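Quick mapping for you: the protein sequence lines, in order, are chains V and Z.
If you count the first sequence from 1, you need to add 20 to reach this note's numbering.
If you count the second sequence from 1, you need to add 20 to reach this note's numbering.
By construction, the Cβ of each residue, glycine as well, lies at the ideal position given by its N, Cα and C atoms.
Fair warning: this is a prediction, and the values are worked out from it, not measured in the lab.
Number of protein chains: 2
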Amino acid sequence: MADISKKKATIYDLSILSGASASTVSAVLNGSWRKRRIKEATAQLIQNLANEHGYTANLQARGLRSSRSGLVGLLLPVHDNRYFSSMAQSFEAQVRSRGQCPLVVSACRDPDEERQVVETLISYSIDELFIAGATDPDGVHKVCEKAGLKHVNIDLPGTLAPSVISDNYEGARMLTQAIIERAQEDGPLLPDDLYLFGGRNDHASHERIRGFRDVKRALLGADPDVCIQPTGYSPAMTARAFEAFYEGHGKLPRTFFVNSSINLEGLMRFLALHPHETFAGIIVGCYDYDPFGSFLPFPVFMVRQDSEAMIAKGFAILDADRGPPITHLVRPTLVPPRTALTGPLDALKDIE
Amino acid sequence: MADISKKKATIYDLSILSGASASTVSAVLNGSWRKRRIKEATAQLIQNLANEHGYTANLQARGLRSSRSGLVGLLLPVHDNRYFSSMAQSFEAQVRSRGQCPLVVSACRDPDEERQVVETLISYSIDELFIAGATDPDGVHKVCEKAGLKHVNIDLPGTLAPSVISDNYEGARMLTQAIIERAQEDGPLLPDDLYLFGGRNDHASHERIRGFRDVKRALLGADPDVCIQPTGYSPAMTARAFEAFYEGHGKLPRTFFVNSSINLEGLMRFLALHPHETFAGIIVGCYDYDPFGSFLPFPVFMVRQDSEAMIAKGFAILDADRGPPITHLVRPTLVPPRTALTGPLDALKDIE
DNA sequence: CTTTTTTGCACAATCGATGGTGCAATGACT
DNA sequence: AGTCATTGCACCATCGATTGTGCAAAAAAG
Numbered sequence: 021m022a023d024i025s026k027k028k029a030t031i032y033d034l035s036i037l038s039g040a041s042a043s044t045v046s047a048v049l050n051g052s053w054r055k056r057r058i059k060e061a062t063a064q065l066i067q068n069l070a071n072e073h074g075y076t077a078n079l080q081a082r083g084l085r086s087s088r089s090g091l092v093g094l095l096l097p098v099h100d101n102r103y104f105s106s107m108a109q110s111f112e113a114q115v116r117s118r119g120q121c122p123l124v125v126s127a128c129r130d131p132d133e134e135r136q137v138v139e140t141l142i143s144y145s146i147d148e149l150f151i152a153g154a155t156d157p158d159g160v161h162k163v164c165e166k167a168g169l170k171h172v173n174i175d176l177p178g179t180l181a182p183s184v185i186s187d188n189y190e191g192a193r194m195l196t197q198a199i200i201e202r203a204q205e206d207g208p209l210l211p212d213d214l215y216l217f218g219g220r221n222d223h224a225s226h227e228r229i230r231g232f233r234d235v236k237r238a239l240l241g242a243d244p245d246v247c248i249q250p251t252g253y254s255p256a257m258t259a260r261a262f263e264a265f266y267e268g269h270g271k272l273p274r275t276f277f278v279n280s281s282i283n284l285e286g287l288m289r290f291l292a293l294h295p296h297e298t299f300a301g302i303i304v305g306c307y308d309y310d311p312f313g314s315f316l317p318f319p320v321f322m323v324r325q326d327s328e329a330m331i332a333k334g335f336a337i338l339d340a341d342r343g344p345p346i347t348h349l350v351r352p353t354l355v356p357p358r359t360a361l362t363g364p365l366d367a368l369k370d371i372e
Numbered sequence: 021m022a023d024i025s026k027k028k029a030t031i032y033d034l035s036i037l038s039g040a041s042a043s044t045v046s047a048v049l050n051g052s053w054r055k056r057r058i059k060e061a062t063a064q065l066i067q068n069l070a071n072e073h074g075y076t077a078n079l080q081a082r083g084l085r086s087s088r089s090g091l092v093g094l095l096l097p098v099h100d101n102r103y104f105s106s107m108a109q110s111f112e113a114q115v116r117s118r119g120q121c122p123l124v125v126s127a128c129r130d131p132d133e134e135r136q137v138v139e140t141l142i143s144y145s146i147d148e149l150f151i152a153g154a155t156d157p158d159g160v161h162k163v164c165e166k167a168g169l170k171h172v173n174i175d176l177p178g179t180l181a182p183s184v185i186s187d188n189y190e191g192a193r194m195l196t197q198a199i200i201e202r203a204q205e206d207g208p209l210l211p212d213d214l215y216l217f218g219g220r221n222d223h224a225s226h227e228r229i230r231g232f233r234d235v236k237r238a239l240l241g242a243d244p245d246v247c248i249q250p251t252g253y254s255p256a257m258t259a260r261a262f263e264a265f266y267e268g269h270g271k272l273p274r275t276f277f278v279n280s281s282i283n284l285e286g287l288m289r290f291l292a293l294h295p296h297e298t299f300a301g302i303i304v305g306c307y308d309y310d311p312f313g314s315f316l317p318f319p320v321f322m323v324r325q326d327s328e329a330m331i332a333k334g335f336a337i338l339d340a341d342r343g344p345p346i347t348h349l350v351r352p353t354l355v356p357p358r359t360a361l362t363g364p365l366d367a368l369k370d371i372e
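Shown next as structure tokens:
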């Protein structure tokens, strides 16, 4: 209690105070003391001293010695997005419940940045790495491999390491079917009335586009290539695509599938520049859930990816150690318009 | 290139390869070699070897020795919210541009959790800590103090350490004035027509409420206490408050001020349970910006807090070292309805 | 050709914790 | 009492880097 000491206590300080050796103190404080046949009384004494002086282990020293740091990394494209930030939230909770320390970093979908960030994490001797939405998962894999770092891909699969991803094909099918059915309530839907915006040359986009096309062909009989507009993942590019369509047609498509909430932000940019009439009657599907996106002034069907389950599965794979580079699918859920799901925010302490 | 070695190279490996001593290698690789009067040629030789073998310093070892880790922490209430996640994004960019490694963690607004998380960070010898939206900044301060850890409060001020916060009073004034003026376009506004929902017993809420009340009294002549509904920060509680009002009045207030985007999620939960007519004609102000929140089917004025500037100011304070526990205000901006601001997402690499 | 200065680097202690090994003291057993 | 097993713990090398110190060799000065 009466702890005037400015510096943090070390096992050596406790060793002097207790009269025991540093290795005994260490054993007591890291729990291995039974194995080392330390007397219960000695352990108690040291424990008490440790509490009294607010001892906490220097995790850098421990990490250096044991070459395990207790750090688990999550590599994200960006934080600033509900899908990834809620993944970060789940990740953090799960890592902490395992007694480790989460390290969440973003790399802006830049392959070089990705590799460099991972190098940095490796320099801190992180124990495990979750690679979420990496542009170049296999490039990152090689970096991890070289350092002997266990890792899984989340969200976008790699070919060299185990991956856990959303079932994009099924999710896209559900979403496409939902918006078609809803649009048909307003009258017959032609193939030209249903577009897809966003996404690019990655696995998730491919699968989503495949699901979209399969359902569209089945229900509407055709899917002209022009209806697929892979604009990449930036809001600006997506906005440009909407703008281009609008220039050409004088209106938006009656209904469309937006590849992600980031692309949906592109739609917001478009909307900001056009009056309400522009989007009267449109039906939108968005592959990602956002609580405010769900309440836009037109029906927005959304797909909520189960990032919590994906992270959990990721841990299961890492725990199983050295699994084959298989891709595991996690089923997302369809969220109808005007739906406010509960989330991590509900775990906030807020007693009042 | 031909690097078959499974283990990471150390300065000792390079020391053998180069024929120089480990200390020389160390000096070369950490840049202090000029000061140590190492020959340019020797430095070159070692540099080349290091590149060839993909050497990266073990930052735990370095941290242990130098008691500086290169880690900078950011403590958040939650990730899963555009305000905090965009703060995380700015933070990360700024930390990295300073050559350090960002460590973003959340503590769920739980004072105990906050202190414990900070203890953990301290065990990793982080160099600096940004405490954002802490429930108990001064409690955290004491923990930092004891460990000699430099820190600033962001968003919610403490009395013991320097703080950088949003100018909540001014922001609330702007927002209140904006929604009043907008509402008055639809006819005269009575004091009972303007409510405030959300927030609790913290500095930010107090200031926002104060700004709200001052403007409301000035423009509408009065502000009955019943118009202030501090529901705390949970969506569920906020939804309950809307529900209660609706029960009592058969409608929502004509216009209201929502204390944060988390509370705005509470409004979404309410909306999900009620038809469109329920919110016909309402005008909303929300203290926080969310790109989708800005496009809800009724006018939503938002306040965008400048988290980037707040982080930058935080670094300036830390760099100035040992500043007095002064509170610095950063002015937020008013965002009119249907506005899509650009953000960190626009920095995403997305060439296509 | 000495003496002094400068250059270039090696040595060794150190940061705090871990874990293999060894040894004295105690108790059990014949 | 003598042998052996067990208990309880101390010693010490080690993880990989940093840094103060010291000392040859080379260069400059005299």
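Which same chain residues end up closer than 7 Å to residue i when comparing Cβ atoms and leaving out the 5 residues on each side of it in sequence?
{"i": "residue 302(V)", "result": "272, 274, 275, 318"}
{"i": "residue 243(V)", "result": "211, 233, 236, 237"}
{"i": "residue 144(Z)", "result": "89, 91"}
{"i": "residue 315(Z)", "result": "358"}
{"i": "residue 47(V)", "result": "53, 56, 58"}
So, helix, strand or coil for residue i, using DSSP?
{"i": "residue 319(V)", "result": "coil"}
{"i": "residue 98(V)", "result": "coil"}
{"i": "residue 205(V)", "result": "coil"}
{"i": "residue 181(Z)", "result": "coil"}
{"i": "residue 293(Z)", "result": "coil"}
{"i": "residue 73(Z)", "result": "coil"}
{"i": "residue 249(Z)", "result": "strand"}
{"i": "residue 152(Z)", "result": "strand"}
{"i": "residue 146(Z)", "result": "coil"}
{"i": "residue 363(V)", "result": "coil"}
Give the residues of chain V in contact with residue i, contact being defined as C-beta atoms less than 9 Å apart.
{"i": "residue 249(Z)", "result": "Near residue 249(Z) there are no residues of chain V at all, since even the closest Cβ is about 11 Å away, more than 9 Å."}
{"i": "residue 317(Z)", "result": "315, 316, 317, 318"}
{"i": "residue 288(Z)", "result": "311, 312, 314, 315, 358, 359, 360"}
{"i": "residue 291(Z)", "result": "315, 358, 360"}
Just the Cα atoms here: how many angstroms apart are residue i and residue j?
{"i": "residue 129(V)", "j": "residue 102(Z)", "result": "19 Å"}
{"i": "residue 42(V)", "j": "residue 30(V)", "result": "9 Å"}
{"i": "residue 214(Z)", "j": "residue 305(Z)", "result": "10 Å"}
{"i": "residue 119(Z)", "j": "residue 111(Z)", "result": "13 Å"}
{"i": "residue 68(Z)", "j": "residue 163(V)", "result": "20 Å"}
{"i": "residue 260(Z)", "j": "residue 286(Z)", "result": "8 Å"}
{"i": "residue 246(Z)", "j": "residue 150(Z)", "result": "36 Å"}
{"i": "residue 228(Z)", "j": "residue 258(Z)", "result": "17 Å"}
{"i": "residue 352(V)", "j": "residue 188(V)", "result": "8 Å"}
{"i": "residue 23(Z)", "j": "residue 81(Z)", "result": "Because the pLDDT at residue 23(Z) is just 48, under 50, the model does not fix this residue reliably, and the value given afterwards should be weighed accordingly. Spanning the two alpha carbons is a distance of roughly 23 Å."}
{"i": "residue 87(Z)", "j": "residue 167(Z)", "result": "12 Å"}
Comparing alpha-carbon positions, which option in the options lies nearest residue i?
{"i": "residue 74(Z)", "options": "135(V), 33(V), 206(V), 292(V)", "result": "135(V)"}
{"i": "residue 224(Z)", "options": "192(Z), 61(Z), 112(Z)", "result": "192(Z)"}
{"i": "residue 104(V)", "options": "367(V), 157(V), 195(V), 324(V)", "result": "324(V)"}
{"i": "residue 155(Z)", "options": "261(Z), 127(Z), 180(Z), 166(Z)", "result": "127(Z)"}
Leaving out the 5 sequence neighbours to the left and right, which residues in its chain are closer than 8 Å to residue i when beta-carbon positions are compared?
{"i": "residue 146(V)", "result": "89, 91, 92, 93, 123, 169"}
{"i": "residue 296(Z)", "result": "317"}
{"i": "residue 185(Z)", "result": "173, 174, 175, 176, 177, 223, 224, 330, 347, 348, 349, 350"}
{"i": "residue 364(Z)", "result": "106, 109, 110, 113"}
{"i": "residue 299(Z)", "result": "272, 291, 317, 318"}
{"i": "residue 337(Z)", "result": "172, 182, 184, 343, 348"}
{"i": "residue 321(V)", "result": "195, 198, 199, 202, 303, 304, 305, 306, 354, 355, 356, 357"}
{"i": "residue 96(Z)", "result": "104, 107, 108, 124, 125, 126, 127, 152, 153"}
{"i": "residue 180(Z)", "result": "157, 158, 161, 162, 165, 345"}
How would you list, in chain order, the residues of chain V whose beta-carbon sits under 8 Å from the beta-carbon of residue i?
{"i": "residue 366(Z)", "result": "254, 255, 256"}
{"i": "residue 78(Z)", "result": "84, 143, 145"}
At a CB-CB cut-off below 7 Å, which residues of chain Z make contact with residue i?
{"i": "residue 232(V)", "result": "In chain order: nothing, as chain Z lies at least about 19 Å away."}
What residues from chain V crowd round residue i, counting only those whose CB sits closer than 7 Å?
{"i": "residue 5(Z)", "result": "Here chain Z covers residues 21 to 372 and nothing more, so residue 5(Z) does not appear."}
Apart from the five residues on each side of it in sequence, which residues of its chain come closer than 6 Å, Cβ to Cβ, to residue i?
{"i": "residue 45(V)", "result": "31, 34, 35, 66"}
{"i": "residue 99(V)", "result": "105, 126"}
{"i": "residue 252(Z)", "result": "220"}
Against residue i, what residues of chain Z qualify as contacts under a CB-to-CB distance less than 9 Å, listed in chain order?
{"i": "residue 105(V)", "result": "98, 99, 100, 101, 102, 104, 105, 108"}
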